[in-house]
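In the UniProt record's numbering, the protein residues as written are 1 to 75.
By construction, the Cβ of each residue, glycine as well, lies at the ideal position given by its N, Cα and C atoms.
Each remark here refers to the structure printed beneath this line.
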Amino acid sequence: MSTAPKALFCPTCRKVVLATNEDFPFCSDRCRILDLGKWASGDYKVSSPIQDPDLLEELARSSANRHPHSSEDSE
Ligand SMILES: [Zn+2]
Numbered sequence: 001m002s003t004a005p006k007a008l009f010c011p012t013c014r015k016v017v018l019a020t021n022e023d024f025p026f027c028s029d030r031c032r033i034l035d036l037g038k039w040a041s042g043d044y045k046v047s048s049p050i051q052d053p054d055l056l057e058e059l060a061r062s063s064a065n066r067h068p069h070s071s072e073d074s075e
């Protein structure tokens, strides 16, 4: 009855992604990796989508050691 969507918005960058895309439901392999990274780092609760590809790339690079507040808590 219901079929798979022909297209949807990329969970990472909200770009339209066709179901024929090999990286579906992501628009690209980069977005898929970024999405996994967000889950891993616990940042997925941030609901505002980032649409700047350069910023996404920067986040992907720095996600390994991105803890802006933790250093302030150390005693
Ligand atoms: Zn995307």
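Residues bridged to residue i (per DSSP)
| i | result |
| --- | --- |
| L18 | A7 |
Minimum Cβ-Cβ distance from residue i to chain D less than 8 angstroms
| i | result |
| --- | --- |
| L18 | Considering every chain present, this structure includes no chain D. It has just one protein chain. |
heavy atom of ligand 1 below 7 angstroms from residue i C-beta
| i | result |
| --- | --- |
| T20 | no |
Enclosing alpha helix (DSSP H) for residue i [first to last residue]
| i | result |
| --- | --- |
| S28 | Premise fails: S28 is in no alpha helix (DSSP H) and is neither H nor E. |
| S62 | 53-62 |
Proximity below 8 angstroms, CB of residue i to CB of residue j
| i | j | result |
| --- | --- | --- |
| P11 | F26 | yes |
| L34 | L59 | yes |
Of the listed residues the options, nearest to residue i (C-alpha basis)
| i | options | result |
| --- | --- | --- |
| D29 | P53, S62, G42 | P53 |
| V51 | A7, R14, F9 | Per the sequence presented here, residue 51 reads as Gln, with Val not at that position. Minimum Cα distance to Q51 is reached at R14. |
| F24 | S63, G42, A7 | A7 |
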